[in-house]
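Below: one structure, written as structure tokens.
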Amino acid sequence: MESPPTHLRKFLAGTLAGFLVCAILQWSGAYGLGWKSSKTESNYFTSLSRFQAAASGAPAEFTLVGSSISGRLPGKEVGNSKVANLGTDGGCLTDGMRMLVEGRVKAGKWIVLESNTIERAVKYEASPILKAVGGPVFRAGTHLPVFSYQARPSGMLYDRLLKRPAGDTTTRRFPLARTTLPKGIQPRDALEKKTLDELIRMIAMLRESGSRIILVEYPSAPMRPEGREVTDRATAYVAEMADVPFVNLEQQIPHENLQFTDGVHLAPGSARAVLDSLQEFITTLPSSQP
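Counted the way the numbering used here counts, the sequence shown spans residues -13 to 276.
Written out as structure tokens, the structure is:
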């Protein structure tokens, strides 16, 4: 009969061997097959993956801030080193702006603020994502990609199962122009004014650090009338008070020229075409802000 120490040694050896096999499979999936996930099984981990990728390496030229609508545009998380994507699934631009102001992600030359979900900023509380980005797991994954949220086995498998045969072949560039907004628009109440004034304050801080800011409405699903009213009012107020340009892609790019995955989010090819068009437009703006 084997002694207990022998059983213990076998148990530890088996556990270690199992761990090594899992680590090798994870490493092979993430690096050998390029299975790092861009969309995982939860909004939480998807957003953390983007934030972690945005915080790693050298600062990107463009920083996207917004919700999952911005999140579908290709950034560092899918190998586009020019774009840091701070889109929060189920959120709005608040989380990303706080990340930039607090210095957790270095702001790029251009910061593109999504206006589609700006109405969510009113009454919006900081999401659990902001708590996670200060933790050791987030920091470790920023420097060691194999420990990143993108390399989670369940996330990689979900991403692979979610991928469909390429059907979105949108490659064209869309001509864009700056959108004129009405002047003198005011917030509806004290809470809305307080929220938007805080956003304007953060914009001023980021501008002082050398970044240039632009507000953008992306092509997406039609809004409810009440949501449309708040969004238009908030966008006009912020654009005027912060003195930033605004471009409405929803109005300028016909939906029939794009493909969507669910009626709200752009399909990969269309997302790339929209981003390329936006970057091309931004290069035509005057060298001084706005």
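Even for Gly, the Cβ is constructed at its ideal location relative to N, Cα and C. The model shown is predicted, which means the values in this text are computed figures rather than measured ones.
Rounded Cβ spacing between residue i and residue j (contact assumed at less than 8 Å)
i      : j      : result
His251 : Arg58  : 5 Å
Val98  : Leu177 : Not a contact, Cβ separation roughly 26 Å.
Glu100 : Gly170 : Wrong, their Cβ atoms sit about 24 Å apart, outside the cutoff.
Ala46  : Lys68  : 6 Å
Ile199 : Val230 : 5 Å
Thr217 : Ile104 : 6 Å
Residues near residue i in its chain [Cβ-Cβ closer than 6 Å; skip 5 each side]
i      : result
Ala228 : Ile186 and Ile189
Thr165 : Phe232, Val233 and Asn234
Ala106 : The amino acid at residue 106 is misidentified as Ala; the sequence shows Arg. So the list reads Cys78, once near-sequence residues are dropped.
Val123 : none
Gln238 : Leu162
Secondary structure of residue i, DSSP reduced to three states
i      : result
Ser53  : strand
Ile97  : strand
Ile171 : coil
Ala163 : coil
Ser113 : coil
Ser177 : The residue you asked about is not Ser; residue 177 is Leu in the sequence shown. It is helical.
Thr32  : helix
Leu182 : helix
In DSSP terms, what residue i is bridged to
i      : result
Gly73  : Gly52
Phe246 : Leu252
Nonlocal neighbours in the same chain, by C-beta distance under 7 Å from residue i, ignoring five residues either side
i      : result
Leu244 : Thr156, Pro205, Leu252 and Ser256
Ala41  : Arg90, Val91 and Thr128
Arg36  : Gly57, Gly61, Glu63, Asn71, Leu72 and Gly73
Gly94  : Pro45, Ala46, Glu47, Phe48, Thr49, Ala70 and Ser197
Residues near residue i in its chain [Cβ-Cβ closer than 8 Å; skip 5 each side]
i      : result
Arg159 : Ala259, Asp262, Ser263 and Glu266
Ala220 : Ser101, Ile104, Glu105, Ala107, Val108, Pro173, Glu178 and Leu182
Ser195 : Ala93
Contiguous alpha helix (DSSP H) assignments of at least 4 residues, all confined to the segment 188 to 242 | Runs found: 211 to 228 and 235 to 238.
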